[in-house]
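Heads up: the first sequence begins at 3 in this note's numbering, then just goes up one per residue. What follows is a short report on a single structure.
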Amino acid sequence: MAQQQHLYLVDGSSYIFRAYHRLPPLTDPEGTPVGAVYGYTTMLWKLADDLDKAEGPTHLAVILDKDSQSFRNEIYPEYKANRPEPPEDLRPQFPLIRDATRAFSLPCIEEQGLEADDLIASYARAAQREGWNVTIVSSDKDLMQLVGEVDGPNGPARIDMLDTMKSQRIYIPEVEEKFGVAPELVGDVLALMGDSVDNIPGIYGIGPKTASKLIAEHGSLTAALDQAPEMKTSKLKERLIEGRGDAELSRILVTLKEDCELPEPLDDFKLDGVPPEPLAAFLEKHGFTSLLRRLDAGKGSPDRPNNLNPVKQETASDKGAPEGNRQPMPEMPAVDRSAYETVQTIERLEHWVARAHASQQVAVDTETTSLDCMVCDLVGVSLALGPNDACYIPLGHGGSDMFAERPEQIEMSVALAVLKPLLENDAVVKIFQNGKYDLNVLARNGIEVSPIEDTMIISFDLDAGRSQDGIGGGHGMDELSERHLGHTCLSFKDICGTGKKQIPFAEVPLDKATEYAAEDADVTWRLFQHLKPRLAIEGGTKIYERVDRPLIPVVASMEREGIKVDRARLAKLSEEFATETARLEKEIHQLAGEEFTVGSPKQLGDILFDKLGYKGGRKGKSGQYSTDQSVLEKLSGEGADIAKLVLEWRHLAKLKSTYTDALQAQINPDTGRVHTSYSLVGAQTGRLSSTDPNLQNIPIRTAIGRQIREAFVPEAGNVLLAADYSQIELRLAAHMADVETLKEAFAAGEDIHSRTATEMFGEVTRDTRARAKTINFAILYGISRWGLAGRLEVEPDEAQAMIDTYFQRFPGIQRYIMETLETVRERGYSETLFGRKTWFPRINSKNQAERQGSERAAINAPIQGTSADIIKRAMARMMPALEDAGLGRVRMLLQVHDELVFELPEEDVEAASPIIEKVMAEAARPAVELSVPLGVEIGTGASWDAAH
DNA sequence: AAGGTCACG
DNA sequence: GACGTACGTGACCTTG
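Okay, structure coming up:
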C-alpha cells in the first residue's frame with residue numbers, strides 16, 4: 003500500500019509577524035535586521051527535521067500574501083483598512099523570507115488578488131480530495147474552519163493545524179475549546195464577533211463569548227439571526243436584528259475561498275530529504291552560525307563566538323510586544339539530551355565537581371519523591387555547566403519491590419559529602435529554577451547552599467503580570483523554556499505517566515531519568531544566560547538584588563521552621579463545629595420544609611427564592627440565584643430566619659473544613675509542626691502567597707474564628723510574638739501621593755480613619771469613622787462611584803460627591819491616580835518605590851470592563867507592591883540583626899503581608915522586641931526615605947491569638 | 001474543571 | 001446605552 007501522503011502548508015506571512023515580536027532584534031553582519039527571518043528559518047528547519055517521523059511532512063509548501071488587496075476589498079472596501087504599517091525593521095525582512103524558503107529549495111506560493119488563507123484553503127482541500135493528510139502551520143483563527151476529517155479514496159484524510167510557537171497541535175477538540183463550536187461553525191462565530199485587526203465588522207457589542215454561545219445554542223448564524231425576533235427583549239436581541247446585515251457581510255468576508263486555481267500542482271511540493279545546496283550560503287550570509295554548525299553535522303562541537311549582533315533596546319519602547327522579550331540572546335546549540343552523562347562513580351562525580359569549581363557557575367536541580375519538600379526524599383541531583391554540558395547523579399533509584407536490583411549508584415552520603423563543599427562554596431554561584439524548593443531539600447540533607455541565583459525569581463522580576471492568563475503564573479520552567487529558548491522540555495508526565503499508571507521518579511530507569519533531570523539543569527543554565535542580562539538592561543537589578551534574591555533562603559528557612567499547632571484543640575473545635583452544624587442543618591431543613599444540601603448554593607437558591615418566595619435576583623451567566631453573605635444578610639434583616647441560620651451554618655462549616663479539619667491533616671509527622679509553602683511569584687504585585695496550608699488567611703475577624711488562632715502555639719518555655727505594620731498601605735499612599743494632611747496625621751500618631759472622618763464629615767462618630775475607613779480603602783483599591791456606593795449603601799451620586807470631597811480635602815490623591823495611569827498606559831507597567839514592575843497588558847484594552855479592571859489594579863499595585871517590598875527587606879535583615887544582638891534563638895515563622903510572627907524563649911522577648919521593631923520600621927532605608935514614619939505594633943502571648 | 005463562596009491582608 | 005464595578009490571594013464544596 004502506498005505511503006500516506008502528508009502535506010504541510012506553512013502560513014509564512016502570519017509566522018513572520020509573530021516571530022518578529024517574539025525574537026530579539028538581531029542583525030546580520032551587514033546590519034540588516036534578521037530576527038524574524040532567524041525565527042522563520044529555525045521553524046522550517048524543525049519541520050524539515052521531522053521529515054521521516056510518523057506525523058512528519060512528505061510534501062511542504064510555504065504560502066505568502068502577495069499584497070494587501072484581495073477580492074474581499076471589492077465587496078467591502080474597508081477590509082483590513084485598519085492594518086498598521088509593518089514596523090520599520092520588519093519590512094526589509096519580507097524579501098528575506100522568500101530567500102530563506104528558496105535556500106531550503108522549498109516551493110513558495112503567492113498569487114495576486116488572493117490572500118494566503120485562500121490559497122491554503124484551496125491547497126488543503128485539493129490534497130484532502132486526493133486522500134492526503136494536511137497540516138497547516140499557523141495559529142490563525144480563520145484557518146481553524148478547515149480543521150476536520152473527510153473520507154478520502156484510501157480512508158480518512160484529515161486537516162489539522164500546528165502552532166510551532168506553542169508547539170501545539172490544533173485539531174477538533176482544540177478548536178471546540180477555543181470557539182465552543184465545531185470547526186464547521188467557526189465561520190459563523192467569526193462573523194458574529196468580527197475582527198478588529200482585519201476590520202471585519204461583526205455585530206457591534208458581540209464578542210467571542212456571546213458569539214460562540216449564540217451559535218452553539220442556535221446551531222448556525224442564520225438560525226440565530228432568524229430567531230432573534232422571538233427572543234426576550236434585551237439589548238442583545240436588538241443588536242442581532244439591527245446587525246443582521248453586518249453579520250451577513252462578515253460571513254462572506256470570513257469565508258475562505260476553497261476553489262482557487264492552484265498555481266503549482268501538489269506533486270511539486272514533494273520533499274526529497276537531500277540537504278539543499280544554497281542553504282549553507284544563506285546561513286553564512288546572515289550569520290546563523292549555530293544552524294550552520296548543525297548543517298555540518300558538527301553536534302557537540304565547542305561554541306564559537308556568535309556573528310549575530312544584538313541590537314541595543316530601549317525598554318520603554320517594547321510595550322506593544324506581547325511577551326516583549328526583545329533582548330540580546332546568546333545563541334546556543336539546540337538541546338541534545340543524548341549528550342547528558344549519568345554519573346555513577348565517585349571518580350566521575352569528582353570530575354564534575356572539579357569542573358564546576360573551575361567554572362564558578364553551575365546550574366543545579368534536585369529530583370525527589372514528592373512535590374512537598376518537607377516530606378520528600380532525595381532521589382538525585384543534576385548539574386549543568388553549559389548548553390548540553392549536563393549530568394545526572396542518581397542517588398535513590400530502585401530499591402523498591404519493582405526494582406529488585408538497585409542500579410549502580412554512588413552511595414548517597416558519599417555523594418553528598420563530595421557535593422557539599424561545592425554547594426556551600428562562596429565562590430561558586432549555584433543557579434536554580436525555584437531554588438527555595440531545592441534549598442529546603444538539601445538543607446534537610448545537611449547542605450546549606452549558598453550563594454544562589456534563581457531563574458524563576460528573575461523572570462518574575464522582569465515579567466510579573468505579563469502572561470495574561472498564564473496557568474502556573476507564567477514563571478515555571480517549562481513555560482520559560484518554551485518562551486525564551488523555543489524548546490519543549492520533557493514533561494514529568496512523559497517520564498512518570500499520570501494517574502494510576504504514574505510511577506515514582508525513583509523507579510524511572512536511569513537513562514530516561516538522566517534525560518529528564520539533566521535537561522532541567524541544562525535549561526536552567528540556559529535560561530539564566532538569557533534572563534540575567536535582561537535585569538540590568540531593563541532596570542530589574544535593584545529589585546532582584548536588594549529585595550527578592552536575598553529573601554529566597556530566608557523564606558526557605560521559615561518554611562522549614564513551621565509552626566506548632568495544638569492538635570487536640572483543633573480536634574475539639576472540629577467536634578463542636580460538627581454538632582452545631584448538624585443542629586443548624588436540621589433547623590434549616592425544617593424551615594425549608596424539605597431536606598436538601600445546605601452547602602449547595604444552587605439548591606439553597608431554589609429553596610429560598612422559588613419555594614419560599616423571598617425576593618432576590620438571578621445572577622449572571624449561570625442563571626443561578628446568588629446566595630452570598632450580603633444577600634443572606636439582607637434577607638435575614640428582613641426577618642428570614644432561615645437565612646440567618648444558613649449564615650451561621652456556613653460560618654461553622656467553613657471553619658471546620660478549611661481550618662480545624664484541614665490543619666490537623668497538615669501536621670508534619672517528623673517535626674510535629676505545620677509547614678506552609680510560600681510562593682515568591684504568586685502575586686503579581688510582589689506579595690508572597692501561602693499554600694498547603696494557606697497560613698495567611700487564618701480567621702481573626704470573628705470570636706469563633708479566633709479560637710482557631712488559639713491553636714497556634716509556641717514550644718514549652720517559648721512565646722509567640724506578632725509584629726504588625728500599622729496602616730502601612732495608607733502611609734505609603736500618603737507618601738507616594740504626597741498628601742500633606744495625611745502625612746501630618748501619621749506623624750502626629752493620629753487615628754487615620756478618625757482624621758479622615760473629620761476632614762470629610764466635620765465630626766467623628768462611629769458612623770462617620772466607619773465610612774471614612776471604607777473610603778480610605780476605596781482609594782487604595784482604585785475607586786469607582788458605583789463600587790463605593792454599593793459598599794456604603796448610598797446612591798452613586800452621593801458616592802461621587804464623597805469622592806470629590808476626598809480629592810479636594812486630600813489634594814495629591816487625584817494627581818497620583820492620573821499620573822500612575824498615564825505612565826502605565828504609556829510604558830505598560832507600574833513601578834514600586836523600589837523599582838518592582840508589574841505589567842498591565844490590558845490597560846489599553848478596548849473592552850471597557852477589562853480596561854477599568856486593569857486601571858484599578860494599576861492604581862493599587864505600586865502601593866501594595868511597595869508594602870510587600872518593605873516587609874521583604876525587613877525579613878531579609880531580621881535574622882542577622884537578631885544574631886548580632888546575641889538573639890540567635892529567635893525564630894521567624896510566618897509572614898502575613900504586614901505581619902511577622904516569631905517564636906522565642908520568654909526571656910528573650912524584652913531584648914528582641916525593640917530590634918524587631920527597629921528592623922521593620924527602618925526597612926525602607928537607605929534605598930528610600932519615606933516622608934511618613936512606619937508604625938510597628940508588637941504583641942506576645944501563649945498563642946497566635948494572644949499575641950495580637 | 002468551573003463556579004460560588006468565604007477566609008485573610 | 002449597557003456592561004459590572006474595590007485591590008491582592010488560596011481552599012473547599014457542589015455540580016456538570
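We put the beta carbon where it would ideally sit given N, CA and C, even for glycine. Predicted model only: the values in this text are computed from it and were never measured.
Closest by CA to lysine 613, which one among Ser602, Leu593, Gly625? Nearest of Ser602, Leu593, Gly625 to lysine 613, Cα basis: Leu593.
Does the structure place the segment 560-573 close enough to the segment 701-715 that three or more beta carbon pairs sit under 8 Å? Judged by Cβ distances under 8 Å, the segment 701-715 makes contact with the segment 560-573, as three or more pairs qualify.
DSSP state of glutamine 531 mapped onto helix, strand, coil: Reduced to three states, the DSSP call for glutamine 531 is helix.
Inter-residue CB distance, tyrosine 10 and methionine 45 (contact presumed, cutoff 8 Å): With 8 Å as the limit, tyrosine 10 and methionine 45 do not qualify as a contact, their Cβ atoms being about 11 Å apart.
So, under 8 Å CB-CB, aspartate 274 and leucine 223 are touching, yes? Tell me the CB distance rounded to an integer number of Å. Between aspartate 274 and leucine 223, the beta carbon gap of about 45 Å keeps them out of contact (Cβ cut-off 8 Å).
Which listed residue (Ser72, Ser214, Leu902, Pro203) has its alpha carbon closest to that of glutamate 186: Per the Cα distances, Ser214.
Go ahead and pull the three-state DSSP assignment for valine 903. Valine 903 falls in the strand class under three-state DSSP.
Could you give the DSSP three-state label for isoleucine 590: helix, strand or coil? If DSSP states are grouped into helix, strand and coil, isoleucine 590 belongs with the helices.
So, leucine 66 versus alanine 102, is the Cβ gap smaller than 8 Å? Cβ atoms of leucine 66 and alanine 102: not closer than 8 Å.
Three or more C-beta pairs below 8 Å linking the segment 898-918 and the segment 735-744: Contact fails: fewer than three Cβ-Cβ distances are below 8 Å.
Which of the three DSSP states is assigned to arginine 926 in this structure? Correcting the residue type first, residue 926 is alanine in the shown sequence and not arginine. In the three-state DSSP reduction, alanine 926 falls in the coil class, being neither helix nor strand.
In the DSSP output, which residue or residues are listed as bridge partners for alanine 392? According to DSSP, alanine 392 bridges with Ala386.
What are the partner residues of threonine 822, as DSSP defines its beta bridges? Per DSSP, threonine 822 has no beta-bridge partner at all.
Curious, which full-length beta strand (DSSP E) runs of at least 3 residues does the segment 63-151 contain? With a minimum length of 3 residues, the continuous beta strand (DSSP E) runs that stay inside the segment 63-151 are 135-139.
Should isoleucine 872 and leucine 682 be called a contact, given that it needs their Cβ atoms to be closer than 8 Å? No, the Cβ-Cβ distance between isoleucine 872 and leucine 682 is not below 8 Å.
Quick one: is methionine 331 buried, meaning 16 or more other Cβ sit within 10 Å of its Cβ, or exposed? Bear in mind that the predicted position of methionine 331 carries a pLDDT of just 44, short of 50, making it unreliable; the figure below should be weighed with that in mind. Counting every other CB atom within 10 Å of its CB across the protein chains shown gives methionine 331 a total of 16 or more, marking it as buried.
Candidates Met167, Ser169, Val188: closest to valine 177 by CA position: Checked all of Met167, Ser169, Val188; the closest Cα to valine 177 is Val188.
Nearest CA to the CA of alanine 128: which residue from Ile161, Val139, Ser107? Comparing Cα positions, the closest option is Ile161.
So, for leucine 424: in the same chain, excluding its five sequence neighbours on each side, which residues have a beta-carbon less than 7 Å away from its beta-carbon? For leucine 424, where only same-chain residues beyond five positions count, the Cβ hits under 7 Å are Val355, Ala358, His359, Val430.
Is glycine 615 buried or exposed, if buried means 16 or more other CB atoms sit within 10 Å of its CB? Around the beta-carbon of glycine 615, fewer than 16 other beta-carbon atoms lie within 10 Å, marking it exposed.
Three-state secondary structure (DSSP) of aspartate 428: If DSSP states are grouped into helix, strand and coil, aspartate 428 belongs with coil.
Looking at tyrosine 42 and leucine 28, is the spacing between their C-beta atoms short of 8 Å? No, the pair does not count as a contact, with Cβ atoms beyond the cut-off.
Between the beta-carbon of tyrosine 808 and the beta-carbon of isoleucine 815, is there less than 8 Å? Cβ distance < 8 Å, so tyrosine 808 and isoleucine 815 count as in contact.
If you draw a straight line from the C-alpha of glycine 472 to the C-alpha of glutamine 435, how long is it? With a pLDDT of only 44 at glycine 472, under 50, the local geometry of the prediction cannot be trusted, and the value read off the model is given with reservation. Glycine 472 and glutamine 435: Cα-Cα distance of roughly 18 Å.
Once the 5 residues before and after alanine 925 are set aside, which same chain residues still bring their CB inside 6 Å of it? In the same chain as alanine 925, and ignoring 5 residues on each side of it, the C-beta atoms closer than 6 Å to its own belong to Ile872, Arg875, Ala876, in chain order.
What are the boundary residues of the beta strand (DSSP E) that includes arginine 339? Per DSSP, arginine 339 belongs to no beta strand (DSSP E) and is neither H nor E.
Do alanine 718 and valine 903 have their C-beta atoms closer together than 8 Å? One thing to note: alanine 718 has its Cβ no nearer than 8 Å to the Cβ of valine 903.
I need the DSSP call for valine 676, collapsed to helix, strand or coil. In the structure shown, valine 676 sits in a strand (DSSP, three-state: E or B).
Provide the residue span of the beta strand (DSSP E) that contains asparagine 720, from first to last. Residues 720-728.
Could you please give the first and the last residue of the uninterrupted alpha helix (DSSP H) stretch that includes valine 191? Counting along the chain, the alpha helix (DSSP H) containing valine 191 begins and ends at 188-195.
Alpha helix (DSSP H) containing glutamine 170: first to last residue? Annotation: glutamine 170 is outside any alpha helix (DSSP H); the continuous beta strand (DSSP E) that includes it extends over 170-172.
Going by DSSP in three states, lysine 35 sits in which element: helix, strand or coil? Note on identity: in this sequence residue 35 is proline, with lysine being the wrong assignment. Assignment of proline 35 by DSSP, reduced to helix, strand and coil, places it in the strand class.
What first and last residue would you give for the alpha helix (DSSP H) that runs through threonine 368? Counted as a single uninterrupted DSSP element, the stretch harbouring threonine 368 is not any alpha helix (DSSP H) but the beta strand (DSSP E) occupying residues 363-370.
How would you write the range of the beta strand (DSSP E) that serine 692 sits in, first residue to last? It spans 691-693 - the beta strand (DSSP E) in which serine 692 sits, taken as one unbroken run.
Specify the secondary structure class of valine 557 as computed by DSSP and reduced to three states. Three-state result, valine 557: helix.
For valine 416, count neighbouring Cβ atoms within 10 angstroms of its own Cβ and tell me buried if that reaches 16, exposed if not. Counting other Cβ atoms within 10 Å of its Cβ, valine 416 stays below 16 and is therefore classed as exposed.
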